[in-house]
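Trainee:
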Amino acid sequence: MKIERVMRLRSALEARLLWLSVAATALIAGLGILLGLMARSPAILFDGLFSLIDVAITWLTLKVAQLVATQGDHRRFQYGFWHLEPLVIALKASVLMVLVAYAFLSAVNSLLKGGYEPDLGIALVYAGLVVVASFSMWWWLRGQAERIDSGLVRLDVKAWLLSALITTALLVAFGAALAMRGTAAVDYVRYVDPLVLALVALVLLPMPFREAREAFGEILLMAPTDVDAHVRAVMQECIRRQGFLDFRSYVSKSGRACFIEISVLVPPDLSLPVKTIDALRAEIGASIGGAGPDRWLTIVFTADPGQL
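1 is the number of the first residue of the sequence shown in UniProt numbering; add one for each residue after it.
#1: Looking at the unbroken alpha helix (DSSP H) that takes in Arg136, where does it start and where does it end?
#2: Can you tell which of Val266, Leu270, Ser271 has its C-alpha closest to the C-alpha of Ile299?
#3: Please name the residue in Leu99, Ser254, Ala201 whose C-alpha comes closest to that of Glu218.
#4: Just confirm the distance between the C-beta atoms of Gln307 and Ser263, as a whole number of angstroms; I'd bet it's less than 8 Å.
#5: Would you call the region 108-120 and the region 281-288 touching, i.e. three or more CB-CB distances under 8 Å?
#6: Look at the Cβ atom of Trp140, then the Cβ atom of Ala257, and state whether they are nearer than 8 Å.
#7: Mind checking which residues open and close the beta strand (DSSP E) that includes Arg295?
#8: Can you list, in chain order, the residues of its chain whose CB lies under 6 Å from that of Pro194, leaving out five sequence neighbours each side?
#9: Can you find the residues in the same chain that come closer than 7 Å, C-beta to C-beta, to Ala212, ignoring five residues on each side of it along the sequence?
#10: Given a cut-off of 8 Å on the beta-carbon distance, is the pair Thr183 and Val131 in contact?
#11: What residues in its chain sit with their C-beta under 7 Å from that of Leu60, if we drop five residues either side in the sequence?
#12: Taking the straight line between their C-alpha atoms, what separation do you get for Glu261 and Phe244?
#13: Report yes if the C-beta distance between Ser51 and Ala29 is below 8 Å; otherwise report no.
Laid out in structure tokens, this is it:
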């Protein structure tokens, strides 16, 4: 089918984009850890560890993209592997929250101990290179994610933005520290690195928190409010127009997949040919919208209230 071919093409493109992201992130992670140790800068080391964790989770994201591409072909997972997407997002967001919280506590501890002074030359070279690389990847992947409408690639885009913002803050801080040398503020140079690390951690913490909240909502099969309200509005109009008695709708979202189940209560004496029922299903489906391989829509007509 044409839809299946398009779906496979999109998933294959996702895989290529994520592999490229893994390679670029691994390079930055290695550079950050190496130069962080050479410059004696916990802030740069944190940036490298942040990227290293991102490599591991992005690799897992890639595996999920490959599994999603095989949807419908697995006898034991007949609904596909959509449910793995929110699991990966929840894992990544949780790990990032722990890392950011640890970075903040570590920075506060360093401030209380009198701070430290890194090798600003190495630090500035690292920060400058990574800022350019991170913003370039973020800008390019953002366009690709919108073009193929991929939640997985959008997640990776956010990670690149986080990395770019962290390193930009480091670049500004290291530049300010270098400018403070030879001035009356030289004694405060030791506090620049841990202070900017603490501030960056505070700014970044809400971002993975929001992702975790959304992902766990999908894992727990919480109905998305907007989709649920839209389905109910469509069905209320259908019930009124067709003279049916009642309905029940159930909506859940897992990754890019949306599952909608609707049971319609009809009068006991109503007799409709199958062709008419199929036409009603098609009409309801068109009113709901979003038809495609990501939407699972089931509509049942019954005269038994106990079946609702």
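Built from N, CA and C at the ideal position, the CB exists for glycine as well.
Mentor: Based on what the coordinates show:
#1: Looking at the sequence shown, residue 136 is not Arg but Ser. From DSSP, the alpha helix (DSSP H) with Ser136 extends over 120-148.
#2: Val266
#3: Ser254
#4: Yes, Gln307 and Ser263 are in contact; Cβ-Cβ is about 6 Å, under 8 Å.
#5: no
#6: No, the pair does not count as a contact, with Cβ atoms beyond the cut-off.
#7: 295-302
#8: Only Ala107, Ser110, Leu111, Gly115 meet the Cβ criterion.
#9: Ala90, Ala93, Ser94, Met97
#10: no
#11: Val88
#12: 17 Å
#13: yes
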